Amino acid sequence: MSLLGASQLNLHYADIEIFSDVTLQVNEKAHIGIVGPNGSGKTSLIKVLLGLQDFDGGDIFKSDTLRVGYVPQTALQSGSGTLSDQISKAFEHLVQLEKDMETSAFAIQESEGTARSQAEKRYSDFLDEYESLGGYDYQNRMDRVVEGVGLSDTNLATLVSDASGGERTRAALATALLADPDLLVLDEPTNYLDFKGLEWLEDFLNRSSNAFMVVSHDRFFLDRVASEIWEIDNCQLKSYRGNYSKYKTLKSEEDARFEKEYIRQQEYIKREQNFIARYHAGQRSKEARGRAKRLDKIERMDAPSNDQTVSISSSFASRTGQTVISTDGLDVGFSNEGNQIKLFDVPDIEIERGTTTAIIGNNGIGKTTLLKTIIGDIPALSGSSNLGHNVKIGYFRQGSDEIADNITVLEALLEIKNLSIGEARSFLARFLFTGEEIYDQVSSLSGGERGRLALSRLLITEPNVLVLDEPTTHLDILSREALESMLKGFEGTTMFVSHDRHLISLLADNLLIIEDGSVRHFEGTYQELLSESNPIIQPSEDNRPVQLPAPQKPKPKSKTNHKKSKPRNNTRSKKENHEDSIANLESQIAELEEKLEEASTNGDLESISTLGKDHEELNLRLDKAISKWVE
């Protein structure tokens, strides 16, 4: 059964097209992930579908009884009372039923005869509805969901007006989940969730029998919960069956097919243009004009987009020793009004040259504090952290560096290191800033572009150790992939804080895990950690397993079935057959024309007549073959 549908939706902002001719359908139990670059229109599409934003054309169809729960990126911007009061609104109907039952019970005691019977009937009806809606268990459900999204009793008692953005968003998420809507719509729900919260939400969604749509840049999350991916790019929406990894496989195959078909078409066009140019005048001018008309009818394919990747090669001012960082009796914390507050102790560790270490743990547990203490940015409460021989650190802070908005991309690099314009242009090109883009104002850059620029400023100083604090925050998937490409190409030592499990899985070969007031050094990959029984990291049994490439190990061959569906194979085979027929006919016509020319020279009228008929027949067959190919 369809819950929500749309046909040929169009949306513009002024003269800018956001999306066009979008047709879609959301069925019961659909688990849809929505992806696309920042600014591609993902949030706009959601708002249009939910009736929260006007659109320029098309139709939207909804079930008459559809109940929707929507959690935007910035939720609960206003509201009275505490966060607990807001979450309790999910059970307003049950609370009202409790009041109705109380009123009916009082009426039963105070009335007799028919009035009493009527009161008893009302009470029975209220009770039946209360029980069917899980009234006796709603407080327990609320407690479980509140704990799952990471809200403490202290958080719940906070006034909405005083709560942080993360607390408000998690409260809105809890409210929507508890309301049990027919269709749950979540816009970037993972932004404020830690590992524990992410795992809990994945488990909740996988257990849900209701439909949901979720916008996310978290590829790990999409792999776990989505069974269908909607991609919004270049103003179009495409749907792919499967989770995110399956979508990437299908998308790659689709791009390869498109590129091959584009090359075939370009070869055909070039061949025809050469013929037309050669014979536009003279004996074969009529045929050339015919071919020109046929060529005009062909719908030209757009050139396939070449996705550029950032490529860096390591250039170190000096090489570090084998041991890059070592700690000895390190206690991490901070001072508050003269009092030392200890967060956790750190085991004695050694970080070796060329390794990649990820620092992971729940929100607010002290990951950034640990990172800063290890590199000496803030003092330890006790013990020491020691940098090895020739260590030169490049530190990438949360917020993509403090770059002034009123300077250009080029100036942002030149203020770090004095280079010639040519040297700067060449270096920036490795971070995908080419041509006139180097003169763009920093204020005009997207989050991903600012991240690339910040990393270019970092690497121009030739560090041999990279330290990064939440480098993927606010980046879309394409920008995250570009960052991963940069970091994979870095041959030095890397240490980073992140809640991006895809980044951690791809890059880290060892982990510093903060839990229970201490730090554990796990000398293995994130995939290996998943096999351990760890309540913070271990996925629930109901979550679908995701196979990700382990860092510094041979990548297993994908087990994805790469066979194409029969309809696509048939379509492709027919297209190739038409192209072969066209080439064969053109070859026959060329041979025939040579014979015609020879017969004309010899004055052989009989041969000219016979060959002329054959020539006419072959051209008719060629016209038909081209018409079928164009279709």
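Heads up: the sequence shown at position 451 corresponds to 478 in the working numbering, and the numbers run straight through without jumps. By construction, the Cβ of each residue, glycine as well, lies at the ideal position given by its N, Cα and C atoms. Source: prediction; values computed, not measured.
Judged by DSSP secondary structure, G544 falls outside any alpha helix (DSSP H); it is assigned neither H nor E. As DSSP reads the structure, D152 sits in no beta bridge. In the structure shown, I487 falls within a coil segment according to DSSP collapsed to helix, strand and coil.
The residue among S362, I352, E147 and L533 with its C-alpha nearest the C-alpha of P374 is I352. Cα atoms of V469 and N445: separation of roughly 19 Å, rounded to the nearest angstrom.
No Cβ-Cβ contact shorter than 9 Å links F46 with S29. Residue pairing for Y97: DSSP places it in a beta bridge opposite V212. For G177, the closest of S151, T217 and T354 by C-alpha to C-alpha distance is T217.
Less than 9 Å separates the beta-carbon of L228 from that of L200. Under DSSP, T354 shares a beta bridge with S412. The C-beta of H416 has fewer than 16 other C-beta atoms within 10 Å across all chains shown, which makes the residue exposed. N270 sits close to D250, with the two beta carbons spaced by under 9 Å. Bridge pairing for V53: L31 [DSSP]. Non-local beta-carbon contacts of L485 in its own chain, meaning distances under 8 Å to residues more than five positions away in sequence, involve G421, Y422, F423, D428 and L493 in chain order. The beta carbon of K89 sits closer than 6 Å to the beta carbons of L31 from its chain, once the five residues preceding and following it are set aside; these are given in chain order.
For a cut-off of 8 Å, the C-beta gap from V62 to L36 is around 18 Å, too long to register as a contact. CA-to-CA, the gap between G193 and S272 works out to about 29 Å. By alpha-carbon distance to K369, the top candidate from I376, E559, V359 and A33 is V359. Cα atoms of D536 and L121: separation of roughly 50 Å, rounded to the nearest angstrom.
Sorting P208, L220 and N261 by C-alpha distance to the C-alpha of N237 places P208 at the top.
Of the candidates I296, L204, I387 and K148, the residue whose Cα lies closest to the Cα of M328 is I296. Of the residues assessed, H307 falls on the exposed side of the cut-off, its CB having fewer than 16 other CB atoms within 10 angstroms. Contact between S243 and G475 does not hold, since their C-beta atoms are separated by about 16 Å, which reaches or exceeds 8 Å. Straight across, the Cα-Cα distance linking I487 with P64 is about 27 Å. Taking a contact to require three or more Cβ pairs closer than 8 Å, the stretch 518 to 534 and the stretch 379 to 396 qualify as touching. Scanning the stretch 128 to 183 from its first residue to its last, the whole alpha helix (DSSP H) runs of 4-plus residues come out as 140 to 159, 165 to 175 and 180 to 183. In summary, Q367 is exposed, with fewer than 16 beta-carbon neighbours lying within 10 Å of its beta-carbon over all protein chains present. The criterion of a C-beta distance shorter than 9 Å is satisfied by G68 and L38. DSSP assignment within the stretch 368 to 442 yields the following whole alpha helix (DSSP H) runs of 4 residues or more, N-terminal first: 394 to 401 and 436 to 441.
Shortest Cα-Cα distance from K223 to any of A617, E550, G106 and R528 involves R528. Closest in C-alpha terms to M128, from the list L160, R149 and R291, comes R149. Counting along the chain, F523 sits inside no alpha helix (DSSP H); it lies in the beta strand (DSSP E) bounded by residues T520 to V524. It is roughly 32 Å from the alpha-carbon of L455 to the alpha-carbon of T350. For L220, no alpha helix (DSSP H) segment is defined, and its DSSP state is neither H nor E. Between S525 and Y553 a beta carbon distance of about 11 Å is seen, past the 8 Å cut, so the two are scored as non-contacting. Within the DSSP secondary-structure output, F46 pairs in a beta bridge with L38.
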